[in-house]
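Encoded as structure tokens, the structure appears first; notes follow it.
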Amino acid sequence: LRAGRTARVVKTTSFILLPLFASQLPSFLPRAASSAFRQAPVLKYTVLYTTTRQYAKSRRTMPPKKQVVEEKILLGRPGNNLKSGIVGLANVGKSTLFQAITKCNLGNPANFPYATIDPEEARVIVPDERYDWLCEKYNPKSRVPANLTVYDIAGLTRGASTGAGLGNAFLSHIRAVDAIFQVVRCFDDAEIIHVEGDVNPTRDLEIISDELRLKDIEFTEKALENQKKKTRSGGKGLEHKKAMEEQATMEKILQFLKDGNEVRKGNWGPKEVEVINPLFLLTAKPVVYLVNLSEKDFIRKKNKYLPKVAEWVKEHAQGDPIIPISVSFEERLTRYETEAESKEEQKNVGAESALPKIVLQMRKVLNLGSFFTTGTDEVRQWTIRNGTKAPQAAGVIHTDFEKTFIQALVYNFTTLKELGNEAEVKAKGKVMTKGKDYVVEDGDILLIKAGAAKAVRPRSSTKGPLDLDETPLNDPLSPKAAAKVETTQQRPISGQRSPAIPHSPAPPVKTTVTKDFSFLLRPEIYHNINPVNVPVAFRNSSKQPPADTSLEDLVAKGHFRAAAITAVQELTGTGSPEQRSVDPSDYHRIFSLLYTRLACLTLIDATPIAAQEVRALEDLNAGVYIDETTGEHLVPWELRVLNVRLQALGFSDPRRSVMSYHDLAREAREQISKATTRHDNSARELWKARLTDLGINVTGALIEMDDLAGAAHHLSTLKDCGDGKMALSRALLWLHLGDTEAARRCVQDSGEDGKHAETVVTALCQMADGEYDAALQSWQGLKEELVDEMVGVNLAVCLLYTGKLTEARSVFEDMVNTGYSSHTLLFNLSTTYELCTERNRYLKLRLVDKVADLDETSRGWEKNNADFKL
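Structure below.
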């Protein structure tokens, strides 16, 4: 102890000698024990020792802490299918550049502002010498290069952020892309109009920068106002703390913008980026500046405006790339029939096309890379985000590969080119086996090894809020599962059971297209529908359709829940033995059943389930959905439109729907043009009606994006069809936007067909303006002319707001006794009970029984009571 250098402690301790103490206690008594305790001999001794904790602390050597690498989150939308938009002032050459870079005739280049209104989309092949070398080496049957999606967006002008020059609509188009090609005019030409009157590139740059920044300020202020409403309620939980942090981040972003900065130039942490990305801010997008020179200046590589542009970018957007380009020169090169002739012309003038450099630079700012799959069958270049790990890269090839990923055999293109062939690469030991943590590098050649696709259980096995049934689930792909699946999954309202035995394959369907759509027939794609939202009174078997009711009858009679279940049974072959299984190539039947399923889910307020199931379709523009012979789309129009809406919900990205609707609108215009050429009036009217419906859908999508100004502008551009229906739709949307005057104007000139529409809209506008007495008179007049549930409900609401509770209750109850039972009616009647009497609970319970006892023969109970909640 003396030799030890650790601290020593001296302590005196007393112990009772237990044997002596025990000998004095032949029997244990409290008093005897107390007395013996005092007389027991005690041994005292002193111990010298070192404290254990202090000694261990002095001797231990802790290894250095492992540094936690915080994963960097990129600004912008996650994913690989990113889009770029060509942006700039009006009439600076954007559409001409779009045609040159995409080698197509889309767009509308012209010598006047706003020649382009709706955005045009095309895909640009990414030039890559590595891909060309691989194709030359393998000479494959199929060659698929990487591509980049580019949009031609209409020109902006000063004041665009406040709506000038259709600015709100155009800014919403910019919001839907992921990166920006900003075209700046740097050439003098008196014949080409400039919206500002003269050529001044730095002023033009200032205008675009300011308009994007001002619009971002507007977006952020709205988001901050909504966030403050959330945090104002108070609370001490983690959610409230997170909400407060998000609010602080939004305030920081807003101040950053007001200080004249662009969001992409800020130093943001990962948590702040998570707040920025859902805002879809315009100045958060990467920018490539394209300086449009005259052909003469481009060839001689000299321009008087170029130094000023470089100086402005250095001061305001340091680090953003600048690429000189001559749009007129690029347009002239596209006139040559072959690539060889174009190359010869470039060699003659001593200047190369800037288009390859532009495409590669845009991929760079979007942080995109590539990997290859090779072979004699196909050479393909796949696009991924830099930093993507091997399982996610495998998922780009096929989503199942990500789930069942085992390992990847990897070697880089440079190694293959250096050694000459795969045999040499293997012989030199350059083929690496990589696992799930491997980060794929640009230029890697991958061979993915994955297991067999496992049967994924329906989402109800997770017992989420949409699936509360306690019935044990079987593996949907197990041969034994079909015989054990009870009807609680198939018809959850009925208590009957029926075996679900797989059927023998039906005879092949004769179609002109032979494609395999078996991936849509897999049971694990589809979710169970739980009857928890249906009141018990309506679950009685007498209220349900017979088990042998056909799908067509279920839809016609309004049994939408049962129809959704039957549709998926027919798709997956898990229904009754009488049902025949669907042939994987019978796309007519498959898409018809799928549309019925998704539409019925939407009608019964199960849209979240539909949004998950529709993801199985992935990209409807993929080649599998196109007839190679005719070029026609195999997916029905109605399903494509519904898919746009549901995909936006499923991916939580409302801007997807705006651009997708624009794509469908362009197709509709093309079909109208074709029908006009061949004098097919019926087809022309059909596509015109579809185009009109798309206009309404775009307005709704813009409202969901919180772009109310853009929605209002778009709504003002829609034209009436003359049947009064469009006028009413537009009027209701104007009411949704809070503009009662615009709503009134929509129906003023709708003709005889729109007479009732005008009266209805006038009454609704009076309610919106708080003129309930006038609205009451309007609804009373309408009730005499038009027997309709909507009229009665609004009449009763006006009675409520004018203090006539008893009369309102009487109107509501009379409608229920007549046979009406919509969600709106029952909700308002329940509210009236709460206002009128303390016996409201008893009255509401009696209301459920009353509605359940109504004799409804022509329509199913699901139609009127899917949203029934008290």
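Residue numbers (the UniProt record's numbering): 1 to 870.
Cβ coordinates follow ideal geometry from the N, Cα and C atoms, glycine included.
Keep in mind it's a predicted model, so treat the numbers as computed, not measured.
Of all the options the options, which has the alpha carbon lying nearest to the alpha carbon of residue i?
i    : options                   : result
S830 : T802, G803, V797 and L419 : V797
D437 : A390, L447, D400 and H398 : A390
M815 : L847, L447, S209 and Y842 : L847
E552 : R380, R335, S592 and D586 : S592
K83  : K242, F651, A190 and R655 : R655
T202 : M250, R185, L281 and E352 : R185
T699 : L691, A689, G710 and R690 : G710
S821 : S550, E834, A852 and G269 : A852
Q748 : E741, E758 and D739       : E758
N147 : P119, Y833, I193 and N81  : N81
V195 : K229, G159, A223 and S652 : G159
F517 : P546, W687 and L634       : L634
T414 : V431, S233 and F405       : V431
K557 : V568, Q569 and K543       : K543
The alpha helix (DSSP H) with residue i in it runs from where to where?
i           : result
residue 871 : The structure shown does not extend to residue 871, since the chain is modelled only from 1 through 870, so no value can be given for it.
M250        : L238 to K258
L156        : Looking at the DSSP string, L156 is not in any alpha helix (DSSP H), and its letter there is neither H nor E.
Q671        : R655 to T677
A100        : K94 to T102
R589        : Y587 to L603
V199        : No alpha helix (DSSP H) holds V199; DSSP gives it neither H nor E.
V747        : T740 to Q748
V816        : L805 to T818
R143        : Note, R143: premise wrong, no alpha helix (DSSP H); beta strand (DSSP E) at S142 to V144.
R839        : No alpha helix (DSSP H) contains R839, which DSSP labels as neither H nor E.
I529        : No alpha helix (DSSP H) contains I529, which DSSP labels as neither H nor E.
N697        : N681 to E704
Y305        : Run containing Y305: none; DSSP gives neither H nor E here.
T273        : Checking the displayed sequence, the identity of residue 273 turns out to be Val instead of Thr. Note, V273: alpha helix (DSSP H), P270 to I276.
Q780        : Y772 to E785
R561        : F560 to T572
L551        : L551 to A556
T607        : T607 to E613
E330        : V327 to L333
Who does residue i pair with in a DSSP beta bridge?
i    : result
I626 : H633
K791 : One detail in the question is off: residue 791 reads as Val in this sequence, not Lys. In DSSP, V791 forms no bridge with anything.
I322 : Y289
M432 : V410
G369 : I384
E121 : Y151
P378 : Reading the sequence as shown, one finds Glu at residue 378 and not Pro. Beta-bridge pairing links E378 to S142.
F405 : A450
V439 : K389
Can you give the beta carbon distance from residue i to residue j, rounded, assuming they're within the 8 Å contact cut?
i    : j    : result
V410 : D442 : With 8 Å as the limit, V410 and D442 do not qualify as a contact, their Cβ atoms being about 13 Å apart.
T574 : P608 : Not really, about 22 Å apart at Cβ, beyond 8 Å.
L782 : V760 : 7 Å
N292 : I325 : 6 Å
R264 : A284 : 5 Å
S342 : S294 : No, S342 and S294 are not in contact; Cβ-Cβ is about 20 Å, not under 8 Å.
T802 : D773 : 6 Å
F219 : L279 : 6 Å
T374 : L134 : 6 Å
T334 : K103 : 6 Å
E352 : Q346 : 5 Å
Need the endpoints of the beta strand (DSSP E) that residue i sits in, please.
i    : result
D128 : Here D128 belongs to no beta strand (DSSP E), and DSSP marks it neither H nor E.
G710 : Here G710 belongs to no beta strand (DSSP E); instead the alpha helix (DSSP H) covers L708 to T717.
K449 : D444 to A450
I180 : A179 to R185
I86  : K83 to V87
ask   = Would you call the segment 173-193 and the segment 123-143 in contact, with 3 or more CB pairs under 8 Å?
value = Short answer: they don't touch.
inquiry  = If contact is defined by three or more beta carbon pairs under 8 Å, each pair taking one atom from either stretch, is the segment 355-364 in contact with the segment 297-315?
reply    = no
key: Cβ contact check for the segment 199-219 and the segment 79-90: 3 or more pairs under 8 Å   = Contact holds: three or more Cβ-Cβ distances are below 8 Å.
query = Are the segment 178-194 and the segment 281-289 in contact at 8 Å, needing three or more beta carbon pairs?
reply = yes
inquiry  = Would the segment 647-661 count as touching the segment 670-687 if we require 3 or more Cβ pairs under 8 Å?
reply    = no
task = Would you be able to state if there are at least three C-beta pairs under 8 Å between the segment 558-570 and the segment 595-614?
result = With a cut-off of 8 Å, the segment 558-570 and the segment 595-614 count as touching, because enough Cβ pairs lie within range.
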